[in-house]
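Residue numbers (the numbering used here): 18 to 315.
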């Protein structure tokens, strides 16, 4: 059969932290959980008129005739994984990248620009995120575009020019506000992290291994300021360290006790000692700023 040039929405769903899963659970149990997860994702893809192109280790690749179907499938996948996490059936997180554009069908496989961009967007996405391109967003129905937010520009490997990217918001579907955390401990707790903001204190330790910061009222620590994203950042205990994971529009500034300032945008940063975290704006470490969260590792 000759190659077929088509336009498709390509979706990659990748299980987050699968290497750590094997280290924590062992090969047999980890493989069983991953296979079950991929089976759940496959069913949801079919439900939204998707085609399973292939599975690659801990990742599934799906193709859809239109971006709207891929959008709905991606959101359904994240929501289902969150519900399984809540019920204790499948404590796994996934991250998703999708793009609509030209592709080539060839003997059951799919190649082309749509595949390459979707794969690279998946690498940008953090656990619990769905990342797509502005080009894809522009093809969506108006009612779906309302559930998106712009993340700015990104440089993708193999692309000369930056592309505009967006995040698909799924946490508010059905009033679900769960954000990604850490499903498995990789080291025993040797201390605790204390966060303070506006008269509120929050402790991350053996009893609470992760926290979400931002302006959404359902967050663990609420920073009610328009410069902060709804779910701006997450802090989790991992590998014996407290890790800040920025998932915001404007980024996060971190000021440490030795006078250093670091800017984090959609990436991770290990917290140590004490200092302050500023959500969405450079406060120069001002502890009185409404955007400042004080932290101390004890």
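Glycine included, each C-beta is placed from N, C-alpha and C at the ideal position.
Burial state of residue i (16 or more Cβ within 10 Å)
| i | result |
| --- | --- |
| residue 170 | exposed |
| residue 73 | exposed |
| residue 253 | buried |
| residue 312 | buried |
| residue 28 | buried |
| residue 55 | buried |
| residue 155 | exposed |
| residue 33 | buried |
| residue 300 | buried |
Local conformation of residue i per DSSP, three classes
| i | result |
| --- | --- |
| residue 85 | helix |
| residue 246 | coil |
| residue 112 | strand |
| residue 237 | coil |
| residue 17 | In the structure displayed, the chain extends from 18 to 315; residue 17 sits before or after that span and is not available. |
| residue 155 | coil |
| residue 120 | strand |
| residue 20 | coil |
| residue 131 | helix |
| residue 308 | coil |
| residue 10 | The displayed coordinates of the chain run from 18 to 315. Any statement about residue 10 would go beyond what the structure contains. |
| residue 273 | strand |
| residue 126 | strand |
| residue 44 | helix |
Span separating the alpha-carbon of residue i from that of residue j
| i | j | result |
| --- | --- | --- |
| residue 127 | residue 255 | 37 Å |
| residue 77 | residue 247 | 29 Å |
| residue 129 | residue 82 | 15 Å |
| residue 31 | residue 212 | 31 Å |
| residue 89 | residue 179 | 26 Å |
| residue 26 | residue 164 | 18 Å |
| residue 271 | residue 231 | 15 Å |
| residue 241 | residue 216 | 13 Å |
| residue 44 | residue 285 | 27 Å |
Residues near residue i by beta carbon distance below 7 Å, same chain, minus five either side
| i | result |
| --- | --- |
| residue 303 | 309 |
| residue 123 | 20 |
| residue 85 | 157, 158 and 161 |
| residue 97 | 57 and 61 |
| residue 315 | 208, 209 and 211 |
Closest by C-alpha distance to residue i, when choosing among the options
| i | options | result |
| --- | --- | --- |
| residue 289 | 296, 277 and 283 | 277 |
| residue 292 | 124, 259 and 273 | 273 |
| residue 49 | 65, 185 and 108 | 108 |
| residue 282 | 301, 98 and 251 | 251 |
| residue 125 | 41, 208, 261 and 71 | 71 |
| residue 226 | 235, 233, 259 and 239 | 259 |
| residue 188 | 147, 133 and 137 | 147 |
| residue 185 | 59, 234, 53 and 112 | 112 |
Contacting residues, own chain, Cβ-Cβ under 8 Å from residue i (five flanking each side not counted)
| i | result |
| --- | --- |
| residue 244 | 267, 296, 297, 298 and 308 |
Residues near residue i by beta carbon distance below 6 Å, same chain, minus five either side
| i | result |
| --- | --- |
| residue 47 | 38 and 39 |
| residue 139 | 29, 31 and 114 |
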